[in-house]
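Q: Residue numbers (our numbering): 2 to 338.
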């Protein structure tokens, strides 16, 4: 059926059904909608509106004598059109900032930020939370150092744009007197452009006797820069508190997602590609993903979110994720600018 614009009253009715169902978990009757949301409209008129919304696919009726519940399409419309001005309270924002401030001195690299992000989301949402990163941005390595080990081995130490420090041993002949100069030449180049864009011939022209070492360094940086990723899940303790997970099939779907990282990564990649809030409602069993990417200097370096029942408090979860995303992005940008 071709989608048509909803009338203002139909929007009110849909919003009422979504929010009442989220709060109660019970099908919503026309009488409840009329008394609480449309006091000057009869139940019969509301029933007619509900019939139209059902024909359009925004709500469903579990069985003939029941009220209505939102469909995935109805939730999607609600999220995209009725939560524009949703925000956390000043008190909630202050609590999050205070927790991050207390933890910041213990956060040394992106791995710990990934763990902290998922923990923080789980604590505030009481849902299963996950975070993932880094997502390669094309300008991955920021600085490097070359240190002699023996006459045939060099230690390559490098810092990524997100602050992680890693190392690799390179086996090749070299002149120890050239290591500091080569480190500075490549690091200066990396300040301006990505490893892929640096002209290898320019480096070799300056130090032709170190061709073997230069080529090994470049190969190592390209390989390491694009192979690393880490994910973290928190909030498994909250699973048994959510009524929907008393259903064996829904619980099975959730456990399948926990055990198969690629299912989460598939959703995360979609969020990264969108560059903004990403939702997937009911596409993986009776579950919803809500995901936000986070950034360092406007470059995507990861994503975080929740997976839970379709009947989720989106009015709270979405601004929560958006605010935590902003906090984490600010932390990354300040720390590694």
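All residues carry an ideal CB built from backbone N, CA and C; glycine is no exception.
With residue 50 as the anchor, note down where its alpha helix (DSSP H) starts and where it stops.
A: 44-56
Q: Extract the residue ranges of the alpha helix (DSSP H) inside the stretch 186-268, only unbroken runs of 4 or more that lie entirely within it.
A: Qualifying alpha helix (DSSP H) stretches, in chain order: 201-207, 212-228, 249-260.
Q: For residue 310, report the span of its alpha helix (DSSP H) as first-last.
A: Taken as a continuous stretch (DSSP letters only), residue 310 belongs to no alpha helix (DSSP H), being part of the beta strand (DSSP E) at 300-310.
Q: Can you name the start and end residues of the alpha helix (DSSP H) that residue 75 belongs to?
A: For residue 75, the uninterrupted alpha helix (DSSP H) segment begins and ends at 73-83.
Q: Are the stretch 54-70 and the stretch 289-302 touching by the rule of at least three beta carbon pairs closer than 8 Å?
A: no
Q: Look at residue 175 and residue 149 and say whether their C-beta atoms are less than 9 Å apart.
A: Yes.
Q: With distance defined between alpha-carbon atoms, name the residue in 255, 152, 292 nearest to residue 245.
A: 255
Q: In three-state DSSP terms, what is residue 280?
A: Strand.
Q: Determine the closest residue to residue 241 out of 309, 143, 102, with distance taken between C-alpha atoms.
A: 309
Q: Assuming residue 325 and residue 291 are in contact, meaning their beta carbons sit under 8 Å apart, how far apart are those beta carbons, in whole angstroms?
A: A Cβ-Cβ separation of about 12 Å leaves residue 325 out of contact with residue 291 under the 8 Å criterion.
Q: Considering only the alpha carbon of each residue, which of 201, 333, 55, 287 lies closest to residue 313?
A: Selection 201, 333, 55, 287 evaluated against residue 313 yields 287 as nearest (Cα-Cα).
Q: Run the CB neighbour count on residue 79, radius 10 Å, all protein chains shown included, and call it buried at 16 or more, exposed below.
A: Residue 79 comes out buried.
Q: Report yes if the CB atom of residue 54 is closer than 9 Å to the CB atom of residue 316, and no otherwise.
A: no
Q: Buried or exposed for residue 50, going by 16 or more other Cβ atoms inside 10 Å?
A: buried
Q: Residues bridged to residue 149 by DSSP?
A: Bridge partners of residue 149 according to DSSP: 155.
Q: Hey, residue 168 and residue 156: beta-carbon distance below 9 Å or not?
A: yes
Q: Applying the 10 Å Cβ sphere with the 16-neighbour rule, what's the burial state of residue 235?
A: buried
Q: Would you kindly work out how many angstroms separate the C-alpha atoms of residue 201 and residue 191, rounded to a whole number?
A: The alpha-carbon separation between residue 201 and residue 191 amounts to approximately 12 Å.
Q: Could you work out which residue in 220, 181, 239 is closest to residue 208 when comparing CA atoms only?
A: 181
Q: With distances taken from CA atoms, which of 204, 131, 147, 67 is nearest residue 261?
A: 131
Q: On the criterion of 16 or more Cβ atoms from any shown chain inside 10 Å, does residue 91 qualify as buried, or is it exposed?
A: Taking every protein chain shown into account, the CB of residue 91 has fewer than 16 other CB atoms within 10 angstroms, so this residue is exposed.
Q: My assumption, with CB atoms under 8 Å, is that residue 144 sits in contact with residue 188. Please give the rounded CB distance.
A: With 8 Å as the limit, residue 144 and residue 188 qualify as a contact, their Cβ atoms being about 5 Å apart.
Q: Pull up the DSSP beta-bridge partners for residue 167, would you.
A: 159
Q: Kindly identify the DSSP beta-bridge partner or partners of residue 133.
A: 232, 304
Q: Could you compute how far the alpha carbon of residue 323 sits from the alpha carbon of residue 250?
A: 30 Å
Q: Tell me the rounded alpha-carbon separation between residue 26 and residue 248.
A: 14 Å
Q: Can you give the Cα-Cα distance for residue 17 and residue 219, rounded to whole angstroms?
A: Answer to the nearest angstrom: the Cα atoms are 59 Å apart.
Q: With a threshold of 16 other CB atoms inside 10 Å of the CB of residue 114, please say whether the residue is buried or exposed.
A: Taking every protein chain shown into account, the CB of residue 114 has 16 or more other CB atoms within 10 angstroms, so this residue is buried.
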